[in-house]
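**Q** Here you go, one structure.
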Amino acid sequence: MIGGQVTCIYRAYEDGELVVTGRLTLDDLPAVGDTVPLNGRPYTVRALDYDGGEPVLSLERRP
Numbered sequence: 002m003i004g005g006q007v008t009c010i011y012r013a014y015e016d017g018e019l020v021v022t023g024r025l026t027l028d029d030l031p032a033v034g035d036t037v038p039l040n041g042r043p044y045t046v047r048a049l050d051y052d053g054g055e056p057v058l059s060l061e062r063r064p
């Protein structure tokens, strides 16, 4: 994870299918491969992009 509290847009996928999008405030900006908790479930960051300067996370559900 990389320094300071940040709000991200996220897109969460399960079995390759988009299941939910939203905003998530984290203590640090995660890197690809990091695990992020979402609704009590672990998700892996599979991509980190930026849209208008705002971080956008693509998350994949961990088994």
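To convert, take the position in the sequence shown, counting from 1, and add 1; that gives my numbering. Where is the CB? At the ideal position from N, CA and C, for every residue including glycine. Note that the structure is predicted; figures quoted are calculated from it, not measured.
Let's see if you can read the secondary structure: which residues bound the beta strand (DSSP E) around PRO38?
**A** Locating residue 38 in the sequence shown gives position 37, counting from the first residue. Where PRO38 is concerned, the enclosing beta strand (DSSP E) stretches over 36-39.
**Q** For ALA13, tell me which candidate among LEU49, GLY54 and GLY53 has the shortest Cα-Cα distance.
**A** Reading the sequence shown from its first residue, position 12 is the one you call residue 13. ALA13 has its Cα closest to that of LEU49, out of LEU49, GLY54 and GLY53.
**Q** Secondary structure at ASP50, three-state DSSP: helix, strand or coil?
**A** The sequence position of residue 50 within the sequence shown is 49, counting from 1. Here ASP50 sits in strand by DSSP.
**Q** According to the Cβ coordinates, are ARG47 and LEU60 closer than 8 Å?
**A** Residue numbering aside, residue 47 sits at position 46 when the sequence shown is read from its first letter. Residue numbering aside, residue 60 sits at position 59 when the sequence shown is read from its first letter. Contact: yes.
**Q** Based on DSSP bridge pairs, tell me the residues matched to ALA13.
**A** If you number the sequence shown from 1, residue 13 lands on position 12. VAL21 and LEU60, per the DSSP bridge assignment.
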